[in-house]
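As structure tokens, the structure follows; a few thoughts come after it.
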Amino acid sequence: MSEQKTLIKRRVKRRRVCHFCADKINLLDYKDVEKFQRYIADRGKIAPRRNTGFCAKHQRILAEAVRRARYMAIIPHTTD
Ligand SMILES: [Zn+2]
Numbered sequence: 147m148s149e150q151k152t153l154i155k156r157r158v159k160r161r162r163v164c165h166f167c168a169d170k171i172n173l174l175d176y177k178d179v180e181k182f183q184r185y186i187a188d189r190g191k192i193a194p195r196r197n198t199g200f201c202a203k204h205q206r207i208l209a210e211a212v213r214r215a216r217y218m219a220i221i222p223h224t225t226d
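If you read the sequence shown in my numbering, its first letter stands for residue 147, the second for the next number, and so on.
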């Protein structure tokens, strides 16, 4: 009974605006690590959209910046 209640409660409809949309960020430089570091797990993994709350466009921009930062060895690659 109580379990079901919590499940229902979690489906609260709330419009989540993505952080980058709110900040009107349309370009993400791979050098701005501070800007996207919080969206990367310690292993260098990009956080999934359900965690970041990003829209498709900004998730893509983030992924691109992270990939570039990895290539430049600014942040670690996934595992090892
Ligand atoms: Zn966005």
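Yeah, the Cβ is synthetic: ideal placement off N, Cα and C, and Gly gets one too.
For ligand 1, residues qualifying as neighbours are 164, 166, 167, 200, 201, 203, 204, where qualification means a beta carbon closer than 6 Å to at least one of its heavy atoms (chain order). In this structure, residue 183 keeps its C-beta atom at 7 Å or more from the C-beta atom of residue 195. Looking at the DSSP output, residue 186 shares a beta bridge with 192.
In the displayed model, residue 169 falls within a helix according to three-state DSSP.
Within the model, the alpha-carbon separation for residue 199 versus residue 162 is close to 7 Å. Membership of residue 216 in the alpha helix (DSSP H) is indicated by the continuous run 202-217.
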